[in-house]
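Remarks on the structure that follows.
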């Protein structure tokens, strides 16, 4: 009965949902290897893994959508049978706050944890903008010490080094308290100015894209963009805006120079002074760990959009150049960011719990590694393929593949087409370096033919005459009982010759 | 404004949603290590990873809920902005069918893929029954050869061996075609009897739980369970039911004996004969790969509930004994199962695509490894903890931790409490083997104190007098510049003594 219904229904479309994607083969392996390198460093620093459920109650996720600048951004939510609203997590920080509040009596204090996994955003998909993507976070919950912030920065530096990016990154550090101090000095303290402060924060965050004048316009009346759309500004007076811009551009030649200038800008603000002091301490602690001012830069232009940061904020930037889609050469840019957020757990418990952490942009970092040739590009050699010459005897090729595997060689049997040409095409598609062939004649003679497919492909591109072709050693006959040794030798040759 | 609203709202509950759970530390590591061992074997056999999106259109997931026997079982679904219904995947097979149909022109044929990840079921949660759990699948799409089925079984055997379970498992193999042949012989062929066939299938699947008589009752009028609930049966006549029970109990002393008996039961049914022939071939191929009849058992009682299987079905069972919750000693039982399903892709393309695969019950297998002491139990040693004796000097402990890490030793600074006793309690909670302590006196003298926490804990349990206690070497003073060597020596001692 049910069967009939399915038959009558129109065929479903075989499509990934809008804004989602699938990852195949080498892409999955490359991401996994990168994440393993990262989490090995995290574990080494005493961070423990946490894998929270992908689903949270909407109540627990709360209003902490990570970027208030995009009102369309939301979560995928549905109502459970008991009427509770459930949703897919949109980041790994909100679940951490929930987990910490729930289990705080059993967790060590501080609780250092890392988490890796997909998060989901119910936003308009676009080119390169997906509704499911990976995040990789490390956070320390329960310590208010700037040493915890410095530790996160140092661990991030070691992570990038472990990924082969030593000397190709800087870590920019700032402190929200300094900005708050400057705002205080500019007369923007208090709840009445919360809205204006929010606009200021987001304006500074756009410095890279809008430039100094664009940000300045957003601090004042507002700004018309290229399409003619007008964005209302914070409405600051020119002295106020001037003070803020002074902060944004306060970076000096040395960390000490920057701190001195920031000290002047915050004036008498206690919060501001505390922030400047913290920056100096972080710089000193990092210096003690061998991360000097050339690598850890105090940079007031880094504010990070998220409203929930309360102290130090940091960003890791890759400094090598790439050519972007428009053909322009530019620095690769940010691959990780984070900071201190002391109020996320408070929502649940009423008690303020200090916390600081970092989130790595997994896809961007993977793209960076790919640009530097630090990951397999999907061109890595496939398995050795054992051809099936007689469909009545599957046992022989299966045994040969098993022998190769037992010797540590990735190998499989060509199970698809009966036709030898098609099987070789399959081997080609699998990027196989070697094909193993044994027809009935060969079996009688106790030999097996090995075809060096990598060499064959190169020769096919280079060789011009038929005579040269047949004289080539791309194919050899070897005794059956020397199968493993001969395949191994051929693989070693292929690897040697394939190397740059 | 928004801030005020959040303040006024009642505090959210810090709770994992009903039926979901979080995984901490060693649990995450143990699962990851197990999955890595499994997928390393899969890759070695030429299987490529696929990571499809967690979200699918309900249309693509279709009616293929994996177990029609539980009508409450469903998916978590919601409507997208464009009105498409989306849902979380409930297994990894339905997404594979969608991915294969979508990308079949670009994929090799056959397409061998493995997939690992969470799946979600919108069903009533219960003890040990969660609404999100891991699956780990391997499938070969595009080959109709029994060699593909045999390969999956052999790979599964190698996987269990790689996990340290050699000689502790059997793989039971059956073939749906044989059962269909027996049904044909019993006069249950054709669409009119589809409903009865479904009941038969599910009844046999319950053999373990209900016993022979229970299954026999379900083949006939029906069965009253202990609670008095009546389950309607398939309504077969006694000769029909007898034939089916003959099939279920057809297992002989050898595979050949079983096949001979099955051959008699299917009578003239072409499908049935084909099924028996396939079973014999699979057994022969496995034997050729060194997996003999003692490990790969032809067992007609294995039918696997899922309606979509069309040919060979298999199940891996662990044979060692455990004591269950009721104190009864029983075999551990099934940890993986699968089979051939040739019609899943057809839904999308109209063309039948042969496919076969296996799914590992990740949580069950992990529990089995734990029962055999093959994974870390969460009691593994934590990081070395460097205490903070002077909050004004965070740089020194951070540098010591960095030196230890640079030497390959997992280490962290105790960032939490100022109080030394609390820091040692923290070290205890972290299951730290060694604490590193340097007060101001020690710094002046150029020494550092190492506390062997593992030894300390053992001594505290054994030592009776104060004199013995202070004479113990659980704490030593060493030169600061020999920090790494001395910690390493203490760790080696701790490991040596801690070993059974």
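Protein chains in written order, with our numbering: chain A, 1 to 500; chain B, 1001 to 1500. Where a beta carbon is used, it is the ideal one built from N, C-alpha and C, also for glycine.
| Check | Outcome |
| --- | --- |
| Pick from 326(A), 396(A), 56(A), 51(A) that is closest to residue 414(A), judged by C-alpha positions | 396(A) |
| Own chain residues within Cβ distance below 7 Å of residue 189(A), not counting five before or after | 183 |
| Beta-carbon proximity list for residue 1288(B), same chain, < 8 Å, skipping 5 on both sides | none |
| Residue range of the unbroken alpha helix (DSSP H) whose run includes residue 1503(B) | Any property of residue 1503(B) remains undetermined from this structure, which presents chain B solely from 1001 to 1500. |
| Alpha-carbon spacing of residue 17(A) relative to residue 1050(B), whole angstroms | 16 Å |
| Amino acids of chain C, ordered along the chain, whose beta-carbon sits closer than 7 Å to that of residue 1127(B) | The displayed structure is made up of protein chains A and B, and chain C is not among them. |
| For residue 1032(B), the nearest candidate out of 1375(B), 1325(B), 1488(B), 1282(B) (CA to CA) | 1375(B) |
| Cross-chain neighbours of residue 1023(B) in chain A, by beta carbon under 7 Å | 51 |
| 7 Å Cβ shell around residue 1309(B) - same chain, five flanking residues per side excluded | 1176, 1339, 1340, 1341 |
| Validate contact between the region 433-452 of chain A and the region 472-491 of chain A using beta carbons, cut 8 Å, 3 pairs | yes |
| Members of the region 1384-1398 of chain B near chain A, C-beta cut-off 9 Å | 1384, 1385, 1388, 1391, 1394, 1395, 1396, 1397, 1398 |
| Sufficient close CB pairs (3 or more, under 8 Å) joining the region 286-304 of chain A to the region 135-146 of chain A | no |
| For residue 1423(B) and residue 1433(B), the rounded distance between their alpha carbons | 14 Å |
| Contacts around residue 247(A), its chain only, beta-carbon distance under 6 Å, and the 5 residues preceding and following it disregarded | 182, 265, 300 |
| Beta-carbon proximity of residue 1132(B) to residue 54(A), cut-off 8 Å | yes |
| Given 8 Å, three or more beta-carbon pairs between the region 327-336 of chain A and the region 356-368 of chain A | yes |
| N- and C-terminal bounds of the alpha helix (DSSP H) containing residue 1303(B) | Counting along the chain, residue 1303(B) falls outside any alpha helix (DSSP H), and DSSP gives it neither H nor E. |
| Cut-off 8 Å between Cβ atoms - residues of its own chain near residue 418(A), not counting five sequence neighbours on either side | 388, 391 |
| Closer than 8 Å to chain B by CB, residue 309(A) | no |
| Reduced DSSP category for residue 1047(B) - H, G, I as helix; E, B as strand; rest coil | coil |
| Segment contact, 8 Å Cβ cut-off, at least three pairs: the region 41-49 of chain A with the region 1401-1413 of chain B | yes |
| Segments of 4+ residues assigned as alpha helix (DSSP H) that fall wholly inside the region 340-367 of chain A | 346-349 |
| Within-8 Å CB hit, residue 381(A) to chain B | no |
| is_contact[residue 1099(B), chain A] using C-beta, thresh 8 Å | yes |
| Integer-rounded CB distance, given that residue 1494(B) should sit under 8 Å from residue 1457(B) | That belief does not hold up - the Cβ atoms of residue 1457(B) and residue 1494(B) are roughly 10 Å apart, past 8 Å. |
| Simplified DSSP assignment, three categories, for residue 482(A) | helix |
| Through-space distance from residue 331(A) to residue 322(A), alpha-carbon basis | 6 Å |
| DSSP state of residue 128(A) mapped onto helix, strand, coil | coil |
| Any C-beta of chain A under 8 Å from that of residue 1410(B) | yes |
| Chain B contact for residue 140(A) (CB, 8 Å cutoff) | yes |
| Alpha-carbon to alpha-carbon, residue 1207(B) and residue 1262(B) | 18 Å |
| Alpha-carbon to alpha-carbon, residue 383(A) and residue 123(A) | 40 Å |
| The region 209-225 of chain A in contact with the region 241-259 of chain A per 3-pair CB rule at 8 Å | yes |
| Neighbour-count burial assignment, residue 1040(B), 16 or more Cβ in a 10 Å radius | exposed |
| Cβ-heavy atom distance, residue 1112(B) to the ligand MN, below 7 Å | This structure does not include the ligand MN; it has no bound ligands of any sort. |
| Option in 165(A), 58(A), 157(A) with minimal Cα separation from residue 501(A) | Lying outside 1 to 500, the shown extent of chain A, residue 501(A) is not represented and no answer is given. |
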